[in-house]
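Numbered according to numbering that gives the first Met the number 0, the sequence shown terminates at residue 277, and the numbering increases by one at each position without gaps. Note that the Cβ used here is the ideal one computed from N, Cα and C, for glycine as well. For clarity, every value in this text was computed on a predicted model and none was experimentally measured. What follows is a set of notes on a single structure, which appears directly below.
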Amino acid sequence: MKTLLIPTDFSRHAYQACLYAAGMAARHGWKLHLLHVYQSFYAVSAYPGVTGAAWVEIKDATDQQMAELIEKLKKQFPAISISGENREGTMADTVANFAREKSVNLIVMGTQGATGLKYAVLGSNTFAVILKSPVPVVAIPARISAFRMDRVGFAVNYHATEVTALEDFTTLMDRPMVITLFHFYEKGKQEETKKMQKWAKRFEKIATGSDAELQFKLAISRNLPVSINRMVAREQLDALVMTPMDKPFFSRMFSKQLIKVIAHKPTVPVFFMKTDER
0 MKTLLIPTDF SRHAYQACLY AAGMAARHGW KLHLLHVYQS FYAVSAYPGV
50 TGAAWVEIKD ATDQQMAELI EKLKKQFPAI SISGENREGT MADTVANFAR
100 EKSVNLIVMG TQGATGLKYA VLGSNTFAVI LKSPVPVVAI PARISAFRMD
150 RVGFAVNYHA TEVTALEDFT TLMDRPMVIT LFHFYEKGKQ EETKKMQKWA
200 KRFEKIATGS DAELQFKLAI SRNLPVSINR MVAREQLDAL VMTPMDKPFF
250 SRMFSKQLIK VIAHKPTVPV FFMKTDER
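In structure tokens form, the structure reads like this:
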């Protein structure tokens, strides 16, 4: 049985991500594990008014919040296994280490969170988790809570890891869906069309045997985040799939221009795949 990990700061936006993850788990027969990450006493003791006694109260309060959240979700989703815990540390490192330790299959988290001393702010850590996580991460917009996966957009840049990512994604989700593989270019439509036709054969070979129907789109673009959000609206997509490629490209293109923007302000859930070339 696959395990979904949901980092939470007990905020309303984090709860929306919990609902999305629970819907996904219920659809596939997976289990959920909630994780709240809090800072150590030494990390926050410099703040005015934070005493040892106050810190104990904060920890007790988070234990109570976790228990209440689990109970609330179990009432709404009685058919799935739901567990949770609180851990001390920094968000990105703790989540990544937990995913390795517990063989988590997928991380689902919101892109906005609570603010204040008691919380390791979820939204500001989404990007860091995406970079450090050993498994795929799904970033959920604040307004999304219902799980849907009928129409998916898959960004491609003609890299071998994208073929692997498509295989991993279709294997993970394992359901009928239409996947639109799209590429944006600045010039040279004829050359880009030839590239897409060549790579389409590789993608179609991977999708053979799955329940996914593939479509291919090319579009000119000067601003990737804007173009992607327009593609989402035009194709009525339920989710996006992004793939990190080689590290130099990933650092230059995706982390600075694309992933960071989309991770913080997505219009639909975004699956950030983690895969190596095979």
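Exercise. CA-CA distance, residue 207 and residue 228?
Worked result: Their backbone Cα atoms lie some 28 Å apart in a straight line.
Exercise. Got a sec? Which residues, its chain only, sit under 8 Å from residue 142 by beta carbon, not counting five neighbours each side?
Worked result: Excluding positions up to five away in sequence, the list reads 15.
Exercise. Rounded to the nearest angstrom, how far is the Cβ of residue 5 from that of residue 172, given a contact under 8 Å?
Worked result: Not confirmed; about 17 Å, so no contact.
Problem set entry | Inter-residue Cα distance where the pair is residue 224 and residue 138 | So the alpha carbons of these two residues sit roughly 15 Å apart.
Problem set entry | Cβ separation of residue 68 and residue 33, assumed to be a contact under 8 Å, to the nearest whole Å | Going by Cβ atoms, the distance from residue 68 to residue 33 rounds to 6 Å, so yes, they are a contact pair.
Exercise. For residue 179 versus residue 152, is the C-beta distance shorter than 9 Å?
Worked result: Going by C-beta atoms, residue 179 is nearer than 9 Å to residue 152.
Exercise. For residue 174, which of helix, strand or coil comes out of DSSP?
Worked result: Looking at residue 174 - three-state DSSP - the assignment turns out to be coil, as it is neither helix nor strand.
Exercise. Apart from the five residues on each side of it in sequence, which residues of its chain come closer than 8 Å, Cβ to Cβ, to residue 127?
Worked result: Excluding positions up to five away in sequence, the list reads 90, 91.
For this session: Identify, in the order they occur along the chain, each residue of the same chain with its Cβ nearer than 6 Å to the Cβ of residue 214, setting aside the five sequence neighbours on each side.
Result: Within the same chain, residue 214 has close Cβ partners 179.
Exercise. Tell me the DSSP bridge mates of residue 37?
Worked result: When beta bridges are read from the DSSP output, residue 37 appears opposite 87.
Exercise. Alpha carbon to alpha carbon, what distance is there between residue 235 and residue 176?
Worked result: Spanning the two alpha carbons is a distance of roughly 13 Å.
Exercise. Expressed to the nearest angstrom, what Euclidean distance is found between the alpha-carbon atoms of residue 200 and residue 182?
Worked result: Per the coordinates, the alpha-carbon of residue 200 lies some 15 Å from the alpha-carbon of residue 182.
Problem set entry | For residue 216 and residue 117, the rounded distance between their alpha carbons | Because residue 117 carries a pLDDT of 37, less than 50, the predicted location of this residue cannot be relied on, and no value is offered for it.
Problem set entry | Inter-residue CB distance, residue 37 and residue 61 (contact presumed, cutoff 8 Å) | Contact between residue 37 and residue 61 holds, with the beta-carbon distance rounding to 6 Å and staying under 8 Å.
Problem set entry | Rounded straight-line distance, which links the Cα of residue 58 to that of residue 232 | One C-alpha to the other measures close to 43 Å.
Problem set entry | Close beta carbons around residue 22, own chain, < 7 Å, minus the five adjacent residues each side | Once the five neighbours on either side are set aside, the close Cβ partners of residue 22 are 145, 146.
For this session: Would you mind giving the Cβ-Cβ distance between residue 133 and residue 164, rounded to the nearest angstrom? I have them listed as a contact below 8 Å.
Result: That pair is no contact at about 15 Å.
For this session: Run the CB neighbour count on residue 219, radius 10 Å, all protein chains shown included, and call it buried at 16 or more, exposed below.
Result: So residue 219 counts as exposed.
Exercise. Excluding sequence positions up to five away, which residues of its chain have a Cβ less than 6 Å from the Cβ of residue 80?
Worked result: For residue 80, where only same-chain residues beyond five positions count, the Cβ hits under 6 Å are 30.
Problem set entry | CA-to-CA distance, residue 98 to residue 0, given in whole angstroms | Their backbone Cα atoms lie some 15 Å apart in a straight line.
Problem set entry | Beta-carbon contacts of residue 64 that lie in its chain and below 8 Å, excluding the five residues immediately before and after | Taken in chain order, the residues that qualify are 9, 35.
Problem set entry | Nonlocal neighbours in the same chain, by C-beta distance under 8 Å from residue 73, ignoring five residues either side | Cβ within range, chain order: 81.
For this session: Just tell me which of 195, 222, 238 has its CA closest to the CA of residue 168.
Result: Closest option to residue 168, Cα to Cα, is 238.
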